[in-house]
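Engineer: Heads up, the sequence shown is in the working numbering, so the first residue is 239 and it goes up one at a time.
The beta carbon of each residue, even a glycine, is placed where N, CA and C say it ideally should be.
This one's a predicted model, so the numbers in the text were calculated from it and none came from an experiment.
One structure is given below, represented as structure tokens, and several questions about it will come after.
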Amino acid sequence: VEGEPVSDNQLAVDLLVIGGGMAGMSAAAYAAREGAVVMVIEKGQAIGGSAVLSGGGLWAPTTPEALWEANPGGDPGLGRVIAERYRSAVDWIRSLGVTVSDPMPMGHIQSFDCVGAMFDVLSYMRRCASIVEDAGGWVITSATVQSLMSSDGRVEGAVIRDAGGLATVRAPWTILATGGFQNDSDLRRTFIGEHAVDMIVRSNPQSSGDGLRLATSVGAALSAHMDRWYGHTIPWPLPNGLHPPDYIRMAQYFMSPRSLLLDSLGRRFIDESVAYYMNAWAVSRLPTGRALLVADDHVRQEDATGQGIGSEYMDRPLEAAKEGAHVVEAPTLAGIAEGAAEWGYRDVERGVVEFNERVVADPSAMTPPRWRNRRVITEPPFFAIEVQPAITFTFGGIRIDESAHVLDEQGRPIPGLLAAGAEVGGMYHEAYGGGLAMSCIFGIQAAQVALPAAAVPEDQQQRHAAGVSQDVGTGHLNDGG
Ligand SMILES: Cc1cc2nc3c(=O)[nH]c(=O)nc-3n(C[C@H](O)[C@H](O)[C@H](O)COP(=O)(O)OP(=O)(O)OC[C@H]3O[C@@H](n4cnc5c(N)ncnc54)[C@H](O)[C@@H]3O)c2cc1C
């Protein structure tokens, strides 16, 4: 979806949204449908962000309690909003005429009860953009924000930059929705740690902490748990890199909790069964930053046929081998161990045999524990994939309240400034409760805060209908309205 170029304009809108992904487009369309004139600024050549790279799984914890139990360090207020507003997010998407399936329980995938639906992300993005434009607003691509404008502590819009120059956009409310800081290796070093500096990124390439920098420039506080992130284990090496068409094909998703993860000495180092993203964290902290994923044909067939594992149907060892990653397949565990020895792994056979013995003898006494998927790895052929972590988005970020107000160090809302989506931090800590639904829900929360100020007087409504806004110059943005 292309926008119009920004040039040297002075503009005024009811709501300025920075970032045209799941959170930003949800906020923009919600406000526009209520009559607000909205401008979306998107850094990429098209809107959609990571949302359009995703599988379109709109899921959330079933109840706030389910999330609290798995996520004791997360902000309970933010978690409650996600659980309680999930159904209304599904209804909102459906109300736009976008295909969304009926929500179904998906408890076995996470360590807590969740509910999920699939929706057509691309249609959603297109529909949101047309709602914004039909209401007299703009969706501007290939543009970014140079700085926020503020006066007496109130954010009053931003200075926007694109290839054509700078534009000043005044707005009573600005929503930051730039999708996290996963693409910035310096911020990853600062907040996550040295081990994250070279980590592969599995996200849209634009989300590099711009919102976080803008927010802190006007006094915003950062959330707790800045070191947490969401990601997957993916095969290693990937000689041709990791590109968006590989994002779903290469991630091990629900296979890693059913497999064994061994370090270079053939030892387990985490309870693999709890959550696939925790497996990625644990691998990232190993001295080598890599591990060996070992499983048998039972796990492979489950994943290939999708039995009991949601919507991911993939022969993952085969796909990894096609990309040149380290994959070994053999009729015996000794054969797997021999292959893995070439990549520097010792005692692999012993590691699997020990696991099999313990899981039969006394599964509850295992170290590390194995909470679920207590199945022996015995069905040949066996396979092993060498894996590395890949980050999708950061859990730490801008601190907000339950209404999406950006908070300062004293916990007070910064007037005029809201934030939503992966930009926001603190809601997830030990558990991940979904990114798309969370972003949609907080995008709508933010739009609802912005709406009272966006109530447009009748004479102004007529100007909006004519595509001309008060205080607006005569540049491209008006032409594009
Ligand atoms: C492969 C993949 C699969 C996924 N699958 C799922 C799934 O099935 N279910 C689920 O819940 N989640 C999934 N996710 C995560 C989900 O996509 C994200 O959590 C969600 O998109 C976050 O929404 P957001 O609006 O915060 O960020 P995004 O959707 O990433 O949008 C952020 C936008 O901000 C823009 N931006 C960045 N900086 C600037 C700037 N300075 N100025 C203007 N614009 C800027 C970016 O270009 C981008 O368009 C997946 C992610 C990936 C990558």
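Can you name, in chain order, every residue of its own chain whose Cβ lies under 7 Å from the Cβ of V290, other than the five neighbours on each side?
Structural biologist: Position 52 of the sequence shown, counted from the start, is the residue given in the question as residue 290. Taking V290 as the centre and dropping the five residues before and after it, the same chain places the C-beta of V359, L360 and M363 closer than 7 Å to its C-beta, in chain order.
Engineer: Take I438 as the anchor and find which of F350, A250, S522 and V662 has the nearest alpha-carbon.
Structural biologist: Numbered from 1 along the sequence shown, position 200 holds the residue referred to as residue 438. Closest option to I438, judged by alpha-carbon separation, among F350, A250, S522 and V662: S522.
Engineer: Bridge partners for M277 per DSSP, in chain order?
Structural biologist: As a working note, residue 277 is residue 39 in the sequence shown. Paired residues: L254 and W376.
Engineer: Go ahead and label Q384 buried or exposed: buried means 16 or more other beta carbons lie within 10 angstroms of its beta carbon, across all protein chains shown.
Structural biologist: Position 146 of the sequence shown holds residue 384. It is exposed - the Cβ of Q384 has fewer than 16 other Cβ atoms within 10 Å.
Engineer: With a threshold of 16 other CB atoms inside 10 Å of the CB of P627, please say whether the residue is buried or exposed.
Structural biologist: Indexing the sequence shown from 1 puts residue 627 at position 389. Buried, because 16 or more other Cβ atoms sit within 10 Å of the Cβ of P627.
Engineer: Can you find the residues in the same chain that come closer than 7 Å, C-beta to C-beta, to L503, ignoring five residues on each side of it along the sequence?
Structural biologist: Here residue 503 corresponds to residue number 265 of the sequence shown, with the count starting at 1. Within its own chain, the residues whose Cβ lies closer than 7 Å to the Cβ of L503, once the five positions on either side in sequence are excluded, are R584 and D585, listed in chain order.
Engineer: Below 8 Å, is the gap between the Cβ of R440 and the nearest heavy atom of ligand 1?
Structural biologist: For the purposes of this step, residue 440 is identified with residue 202 of the sequence shown, where counting begins at 1. R440: yes, Cβ under 8 Å from ligand 1.
Engineer: What are the complete beta strand (DSSP E) segments, minimum 3 residues, inside the stretch 333 to 375?
Structural biologist: 352 to 356
Engineer: For the beta strand (DSSP E) containing S389, name the first residue and the last one.
Structural biologist: Within the sequence shown, the letter at position 151 stands for residue 389. Unbroken beta strand (DSSP E) run through S389: A381 to S389.
Engineer: Could you tell me whether any non-hydrogen atom of ligand 1 is closer than 8 Å to the CB of F633?
Structural biologist: Residue mapping note: residue 633 aligns to position 395 of the sequence shown, counting from 1. Distances from the CB of F633 to the heavy atoms of ligand 1 are all 8 Å or more.
Engineer: Name the two residues that bound the continuous alpha helix (DSSP H) containing D448.
Structural biologist: Translated into the one-based positions of the sequence shown, residue 448 becomes position 210. From DSSP, the alpha helix (DSSP H) with D448 extends over D448 to S455.
Engineer: How far does the beta strand (DSSP E) with T632 in it extend, from its first residue to its last?
Structural biologist: Residue 632 sits at position 394 when you count from the first residue of the sequence shown. Element bounds for T632: F620 to T632.
Engineer: Between the stretch 293 to 305 and the stretch 391 to 411, do three or more beta carbon pairs fall short of 8 Å?
Structural biologist: Put simply, the stretch 293 to 305 does not touch the stretch 391 to 411. Fewer than three CB pairs are less than 8 Å apart.
Engineer: The alpha helix (DSSP H) that contains R426, what's its start and end?
Structural biologist: In the sequence shown, the residue the question calls residue 426 occupies position 188. It spans S423 to F429 - the alpha helix (DSSP H) in which R426 sits, taken as one unbroken run.
Engineer: Do you know how far the Cα of V278 is from the Cα of N309?
Structural biologist: As a working note, residue 309 is residue 71 in the sequence shown. As a working note, residue 278 is residue 40 in the sequence shown. If I take the Cα positions, the gap works out to 33 Å.
Engineer: For ligand 1, I want to know if G317 counts as a neighbour, meaning its beta carbon is within less than 8 Å of at least one of the ligand's heavy atoms.
Structural biologist: Looking up residue 317 in the sequence shown gives position 79. Because no heavy atom of ligand 1 lies under 8 Å away, the Cβ of G317 does not count as near it: no.
Engineer: How far does the beta strand (DSSP E) with A572 in it extend, from its first residue to its last?
Structural biologist: Within the sequence shown, residue 572 is the residue found at index 334, counting from 1. Where A572 is concerned, there is no enclosing beta strand (DSSP E), although the alpha helix (DSSP H) it sits in stretches over L571 to A579.
Engineer: Would you mind listing the alpha helix (DSSP H) stretches within the stretch 488 to 559 that are 4+ residues and don't spill past its ends, in chain order?
Structural biologist: 514 to 523 and 535 to 543
Engineer: Using a Cβ-based criterion (distance less than 8 Å to any ligand heavy atom), does W297 qualify as near ligand 1?
Structural biologist: As a working mapping, residue 297 is identified with position 59 in the sequence shown. At least one heavy atom of ligand 1 is nearer than 8 Å to the Cβ of W297, so yes.
Engineer: Are the CB atoms of E510 and A578 within a distance shorter than 9 Å?
Structural biologist: On the sequence shown, position 340 is the one that residue 578 refers to. On the sequence shown, position 272 is the one that residue 510 refers to. Not closer than 9 Å, so no.
Engineer: Are D422 and S441 closer than 9 Å when you measure CB to CB?
Structural biologist: To locate residue 422, count along the sequence shown from 1; it is residue 184. To locate residue 441, count along the sequence shown from 1; it is residue 203. Cβ distance not < 9 Å, so D422 and S441 don't count as in contact.
Engineer: Rounded to a whole number of angstroms, what is the C-alpha to C-alpha distance between A520 and E394?
Structural biologist: Position 282 of the sequence shown holds residue 520. Position 156 of the sequence shown holds residue 394. One C-alpha to the other measures close to 43 Å.
Engineer: Name the two residues that bound the continuous alpha helix (DSSP H) containing W306.
Structural biologist: For this step, residue 306 is matched to residue 68 along the sequence shown. Per DSSP, W306 belongs to the alpha helix (DSSP H) from P302 to A308.
Engineer: Grab me the residues of A434's own chain with a C-beta within less than 6 Å of its C-beta, minus the 5 sequence neighbours each way, in chain order.
Structural biologist: Residue mapping note: residue 434 aligns to position 196 of the sequence shown, counting from 1. If we look at A434 and ignore the five residues flanking it on each side, its Cβ neighbours are R426.
Engineer: Can you tell me the Cα-Cα spacing of D535 and E557, whole angstroms?
Structural biologist: The count along the sequence shown starts at 1 and reaches residue 535 at position 297. The count along the sequence shown starts at 1 and reaches residue 557 at position 319. Spanning the two alpha carbons is a distance of roughly 15 Å.
Engineer: Which residue wins for smallest C-alpha separation from V276, given the options L531, I472, S368 and G449?
Structural biologist: By 1-based counting over the sequence shown, the position of residue 276 is 38. Ranked by Cα distance from V276, the first of L531, I472, S368 and G449 is S368.
Engineer: With a cut-off of 8 Å on the beta carbons, I'd call G663 and F633 a contact; round off their distance for me.
Structural biologist: The count along the sequence shown starts at 1 and reaches residue 663 at position 425. The count along the sequence shown starts at 1 and reaches residue 633 at position 395. Contact holds; Cβ gap of about 6 Å.
Engineer: Would you mind stating whether H463 and G312 have Cβ atoms separated by less than 9 Å?
Structural biologist: Here residue 463 refers to the residue found at position 225 when the sequence shown is read from its first residue. Here residue 312 refers to the residue found at position 74 when the sequence shown is read from its first residue. Against a cut-off of 9 Å, the Cβ pair of G312 and H463 comes out as a contact.
Engineer: In angstroms with no decimal places, state the Cα-to-Cα distance between Y491 and E668.
Structural biologist: The residue you call residue 491 lines up with position 253 of the sequence shown. The residue you call residue 668 lines up with position 430 of the sequence shown. Cα to Cα, the separation comes out at about 17 Å.
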